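Peer 1:
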Amino acid sequence: MKNIKSLFAISLVVASVGLKTYAHGSVRKIFTSQMTFPFENHSKKLYGVDKRTIYLTFDDGPTSAATPEILEILRDYGIKATFFVVGRMARNNPALVARIREEGHRLGNHSYSHEFDFPTESHFISSLKGTHNQIKNYVYRHDLLLFRAPGGIWNNWRTQIGNSDPSLRRYVGPIYWNVGGGNPNNRDDADWKCWTKGVSVSQCEKSYLNQIYSNYRRGYASIVLMHDINRKSAQMLAQLLRDLSRDRVQWNFELIEDIPAVQEMAF
Ligand SMILES: [Zn+2]
30 MKNIKSLFAI SLVVASVGLK TYAHGSVRKI FTSQMTFPFE NHSKKLYGVD KRTIYLTFDD
90 GPTSAATPEI LEILRDYGIK ATFFVVGRMA RNNPALVARI REEGHRLGNH SYSHEFDFPT
150 ESHFISSLKG THNQIKNYVY RHDLLLFRAP GGIWNNWRTQ IGNSDPSLRR YVGPIYWNVG
210 GGNPNNRDDA DWKCWTKGVS VSQCEKSYLN QIYSNYRRGY ASIVLMHDIN RKSAQMLAQL
270 LRDLSRDRVQ WNFELIEDIP AVQEMAF
C-alpha cells in the first residue's frame with residue numbers, strides 16, 4: 030500500500046479519464062495500492078467530500094442474525110449502505126444478498142472465507158472469484174464492483190495479481206475505513222471488539238459517535254465499518270442513527286461508490 034511503483038503512473042492516467050468513461054456507462058476498474066482509503070492520508074483520499082458525509086459499511090455477512098434487522102433500520106431512515114459480503118455467507122443466504130441490493134444498497138466483495146492470508150496467488154484469485162460468483166447475479170449493471178480486504182490487510186502483489194485477472198481487474202479496492210477499528214490499544218473502537226470484550230451497546234455506540242465527531246472536527250468525512258453478524262451491531266446502529274438524526278450537524282449518508290476517488294478509479 031505504501032510503495033510507489035509503476036502502477037502509480039498507470040493509476041494517474043486512469044484517473045484522468047475515469048469519470049468521463051464512467052459517465053458513458055462503460056465501467057472498468059482496477060485494484061490499486063495507491064488510491065484506496067482512508068486509513069492513511071485520508072484527507073487526500075476523501076478529498077472533495079463534505080465533512081458531514083457518512084458512508085455506512087457492513088462486513089462479514091449476510092446473516093439471519095443481524096442483516097434483516099439492519100436493513101429494516103436503514104429503511105426506516107431512508108439510508109443506503111454498502112455490504113461487503115463474505116462469499117460462503119452469501120452462498121448460504123442468497124435471499125439476503127438479493128434483498129440487500131433490491132432495497133437499494135450495494136454489494137461488495139470481502140473474500141470467500143475471510144482469509145487474512147493467502148498462501149498462494151491462486152488462493153487469492155479463487156477466493157475473490159468465488160465471492161464474485163455469489164454476488165454477480167445480484168449486482169446491477171452500473172454498480173461499481175468494490176473489494177474490502179479482510180482485516181484491511183493488503184500488499185502490492187495482491188494489486189498486481191488482482192489486476193492480472195480479467196474479472197477481478199474490474200474491482201475497486203481495497204476499501205478502508207476511518208471509523209470502526211484500527212487502534213490495537215482501544216477496546217471499544219470496533220463493534221466486534223466491543224462484543225468480545227463485554228462492552229455495552231451504548232458504550233460502543235458512544236465510541237463510534239466520538240470517532241465520527243473526531244473526523245468531522247478535523248474536516249474529514251467518515252467511512253464507518255460495522256459487521257452484520259451480531260444482533261448487537263443492529264442495536265448499536267439504531268442508537269447511532271437516532272443520535273445522529275437528532276444532532277445539530279446535518280449528516281449526509283452516501284454510498285462508497287459515490288466517493289470521487291472511487292469513481293476516479295473506475296475506468
Ligand atoms: Zn471482515
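So in the working numbering, the last one in the sequence shown is 296, and the numbering has no gaps at all. Glycine included, every Cβ here is placed at the ideal spot set by N, Cα and C. Being a predicted model, the structure only gives us computed values, none of them experimental.
1. From what residue to what residue does the beta strand (DSSP E) around residue 154 run?
2. So what's residue 135 in DSSP terms, helix, strand or just coil?
3. Determine the extent of the alpha helix (DSSP H) in which residue 88 is found, giving its start and end residues.
4. Could you give the first and the last residue of the continuous beta strand (DSSP E) run that contains residue 75?
5. Any chance the CB of residue 177 is under 8 Å from a heavy atom of ligand 1?
6. Can residue 89 be considered in contact with ligand 1, in the sense that its beta carbon sits closer than 8 Å to one or more heavy atoms?
7. So if DSSP puts residue 167 in a beta bridge, which residue, or which two residues, is it bridged to?
8. Does ligand 1 have a heavy atom nearer than 8 Å to the CB of residue 159?
9. Nearest to residue 150 by alpha carbon, out of 267, 203, 132 and 194?
10. Within 10 angstroms of the Cβ of residue 186, are there 16 or more other Cβ atoms? Answer buried if so, exposed if not.
11. What is the C-beta distance between residue 135 and residue 286, in whole angstroms, given that I count them as a contact (C-beta under 8 Å)?
12. Does residue 78 pass the burial test, meaning 16 or more other C-beta atoms within 10 Å, or should it be called exposed?
13. State the DSSP-derived secondary structure class of residue 92, mapped to helix, strand or coil.
14. To the nearest whole angstrom, what separates the beta carbons of residue 109 and residue 249, a pair I think is in contact under 8 Å?
15. Can you find a C-beta in chain C that's less than 9 Å from the C-beta of residue 81?
16. How about residue 76 and residue 253: are their beta carbons less than 9 Å apart?
17. Going by the CB atoms, is the gap between residue 82 and residue 251 shorter than 9 Å?
Peer 2: Put simply:
1. Unbroken run through residue 154 is the alpha helix (DSSP H), 150-164; no beta strand (DSSP E).
2. strand
3. It is not in any alpha helix (DSSP H) - residue 88 instead sits in the beta strand (DSSP E) that spans 82-88.
4. Element bounds for residue 75: n/a, residue is neither H nor E.
5. yes
6. yes
7. Beta-bridge pairing links residue 167 to no other residue.
8. no
9. 194
10. exposed
11. 6 Å
12. buried
13. coil
14. About 21 Å separates the two Cβ atoms, so there is no contact after all.
15. No chain C is present in this structure, which holds just one protein chain.
16. no
17. yes
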